[in-house]
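If you want the numbering used here, it's the position in the sequence shown, counting the first as 1, plus 20.
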Amino acid sequence: MLTTPQPAIALALVEDSTWSWELKVDDRCGLLRWYLNGIIETNLRGRTLEQAESAVRRFVDHSLRGELKITYPAECIAPGLESGRSAVNSVAG
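Structural data, given as structure tokens:
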């Protein structure tokens with residue numbers, strides 16, 4: 021079954037690296053899921069925006085030890101979610 025690609029709600033990247041993700045709604049289960057390079061499904065997910073952010077932060081903290089930047093471009097926000105939000109979180113160890 022083909023599904024229509026979901027627009028990104030948020031973008032995350034680890035500075036000075038090639039790691040990047042797009043946060044999208046997973047139609048199959050209704051969770052917010054991070055997609056590596058915008059296309060590869062990962063187990064980084066959550067039921068809420070805060071849970072999804074926490075999942076990607078934990079991964080970066082434990083595995084990559086870099087500075088994570090999450091942005092919420094206004095044009096990427098799904099109806100019902102906060103708009104224009106951005107966060108920069110240092111998770112360097």
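For glycine and all other residues, C-beta sits at the position ideal for the given N, C-alpha and C.
Exposure of residue i, with buried meaning 16 or more beta-carbon neighbours within 10 Å
{"i": "Gly104", "result": "Bear in mind that the predicted position of Gly104 carries a pLDDT of just 36, short of 50, making it unreliable; the figure below should be weighed with that in mind. Gly104 comes out exposed."}
{"i": "Glu73", "result": "buried"}
{"i": "Ile90", "result": "buried"}
{"i": "Leu88", "result": "buried"}
Whole-Å CB distance - residue i paired with residue j, under 8 Å assumed
{"i": "Leu51", "j": "Ser40", "result": "Rounded, the Cβ-Cβ distance is 20 Å, inconsistent with contact."}
{"i": "Trp54", "j": "Leu43", "result": "6 Å"}
{"i": "Gly86", "j": "Asp36", "result": "7 Å"}
One or two residues paired with residue i in a DSSP bridge
{"i": "Leu33", "result": "Ser40 and Lys89"}
What residue ranges within the stretch 35-66 form continuous beta strand (DSSP E) runs of no fewer than 3 residues, ordered along the chain? 40-45, 52-56 and 60-66
Contact between the stretch 57-65 and the stretch 80-90 is defined here as three or more beta-carbon pairs at a separation below 8 Å; is this criterion met? Between the stretch 57-65 and the stretch 80-90 there are fewer than three C-beta pairs closer than 8 Å, too few to call the two in contact.
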